[in-house]
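Data block below; observations after.
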Amino acid sequence: MATPEPDYHADPAAFAADQEELFAGHNLHVGSSRVTHAVDWVPWINGLRLPAPACRQGFAGHGAQGELRPTTLPVSCRRCRRLRGLHGVDEQPALFVLPH
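Those letters in the sequence shown? Residues 119 to 218, by our numbering.
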């Protein structure tokens, strides 16, 4: 399967608007992680903003390749929960279930 050619003529304003619509009222996942982060909007170019994890969890790219995925799941990142003042900030779900 061929990899699609990147579109180097993309419109930054249209991309930022698409991201705003996609993440409005949502939380996000970074890559394939199941941890849910709160969304914060960070400066990009020409006064435009893009979504990012509120805790500033690192990721490569700017979202155009699906590095960030919107979700309606509640925030499970401990730092995002603390930053947002959500109750139960010490409760972080396990990354995986251990066998009994």
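From the three backbone atoms N, C-alpha and C, an ideal C-beta is built for every residue, glycine too.
This one's a predicted model, so the numbers in the text were calculated from it and none came from an experiment.
Query: Bridge-paired residues (DSSP) for HIS205; Result: For HIS205, which the question treats as bridged, DSSP gives no partner whatsoever.
Query: Nearest-angstrom beta carbon gap, ALA131 and LEU168 [assumed within contact, 8 Å]; Result: Between ALA131 and LEU168 the Cβ distance is about 12 Å, and since that is not below 8 Å, they are no contact.
Query: Start-to-end residues for the alpha helix (DSSP H) that takes in ASP136; Result: 130–141
Query: Beta-carbon contacts of LEU204 that lie in its chain and below 7 Å, excluding the five residues immediately before and after; Result: VAL193
Query: Minimum C-alpha distance to ILE163 - residue among LEU216, HIS180, GLU185 and LEU191; Result: HIS180
Query: 8 Å Cβ cutoff met for VAL157 and ALA172; Result: yes
Query: Proximal residues to CYS198 (C-beta, below 6 Å), its chain only, five neighbours per side dropped; Result: HIS155, ALA156, ALA172 and CYS173
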